[in-house]
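Notes follow the structure.
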Amino acid sequence: METPDHVLIVDDDRGIRELLAGYLEKNGMRVSLAANGRQMRAALETGAPDLIVLDLMLPGEDGLVLCRELRAGKFSAVPILMLTARNEEADRIVGLEMGADDYLPKPFAARELLARIRSVLRRARMLPPGMQVTESAPMLCFGDWRLDTTARHLLDAEGTMVALSGAEYRLLRVFLDHPQRVLTRDQLLNLTQGRQADPFDRSIDLMVSRLRQRLRDGAREPRYIKTLRSEGYVFSAVVTAIGDPQ
């Protein structure tokens, strides 16, 4: 029998927690609930969930603080869907910058949340299309960097680990599996998040900026991720796959 997906909902509104728990459980998911950061940590001690639904506007430690904490710790690879109280671009940008995999503004329909959860889980478990060449390689090397694809760790020349959020890892994998190829913003958004961009969507540009910071890649004269005006981005370094596929 298939193990149900485990979702941890972190929201200080008891009514929302119970409503979402009931709906997700009716749709075959296992749900844990937390009203704040302390309860979230206690829930995580029992084991990592498959996904965390995290409210931005929590009292005390807000969702951004908790998201940053999650991305810096042992639960860094757990997908995070951020709930925002306002449909404002600033909320979405900050949430994505902190490492959230997706966002959903309140108010929302439970059915839409379920669809977003399934989409994020699907992206987290499946590599983007067109990755057949290197998807089984334990290590991908480029320039001064190595990406451990099993542990999802980025290592610099000295072997120091650089933490990546789930979204940053997926974006880097897309680039490493399509080196020297121009990728449009629409293509990158579809490959990493499974959706189409709207005319004002700048989330890919933000993620590229964050990934450049991780790679210590200057925006003016980048060594790895180059911008092609009006076209998109290209990963210019040579990528070598090391290790035998399992």
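Mapping the sequence shown onto the numbering used here, position 225 (from 1) lands on 315, and the numbers just tick up by one.
For every residue, glycine included, the Cβ atom is placed at its ideal position computed from N, Cα and C.
Scanning L156, I142, G150 and F265 for the CA closest to the CA of R206 turns up I142. Within its own chain, the residues whose Cβ lies closer than 6 Å to the Cβ of P269, once the five positions on either side in sequence are excluded, are F325 and V329, listed in chain order.
DSSP places R120 in the strand class (E or B) of the three-state scheme. When C-beta atoms of the segment 240–256 are compared with those of the segment 265–282, fewer than three pairs fall below 8 Å, so the two segments do not count as touching. With fewer than 16 other CB atoms across the displayed protein chains lying within 10 angstroms of its CB, P197 is exposed. By the neighbour-count definition (other C-beta atoms within 10 Å, threshold 16), R128 is an exposed residue. Secondary structure at F198: coil, using DSSP grouped into helix, strand and coil. Within the segment 109–173, complete beta strand (DSSP E) segments of at least 3 residues are found at 120–124 and 141–145, given in chain order. For D191, same chain residues with a beta-carbon under 6 Å away, outside a window of 5 residues either side, are P169, I170, V210, G256 and A257 in chain order. M251 counts as exposed, since fewer than 16 other C-beta atoms from the protein chains shown sit within 10 angstroms of its C-beta. Secondary structure at A257: helix, using DSSP grouped into helix, strand and coil. Inclusion of L262 and L204 in the CB contact set at 8 Å is not warranted, their separation being larger than that value. Beta-bridge pairing by DSSP links A331 to L230. Leaving aside the five residues that flank L194 on each side, the residues in its chain whose CB is nearer than 8 Å to its CB run, in chain order, L171, M172, L173, T174, E202, L203 and R206.
In the structure shown, D276 adopts helical secondary structure according to DSSP, grouped into three states. Assignment of G308 by DSSP, reduced to helix, strand and coil, places it in the coil class. When secondary structure is reduced to three states using DSSP, R107 falls in the helix class. For the pair T239 and M229, the Cα-to-Cα distance works out to about 6 Å. Your pair R242 and A138 does not check out as a contact, with CB atoms roughly 13 Å apart and the cut at 8 Å.
Within a 10 Å sphere around the beta-carbon of L318 sit fewer than 16 other beta-carbons, which makes this residue exposed. For F232 and D246, the gap between their C-alpha atoms comes out near 10 Å.
Cβ neighbours of L244 within its own chain (closer than 6 Å, five residues either side excluded): L237, V252 and L254. The alpha carbon of A111 has as its nearest neighbour, out of L123, D102 and D103, the alpha carbon of L123. The Cβ atoms of W235 and L305 lie closer than 8 Å to each other.
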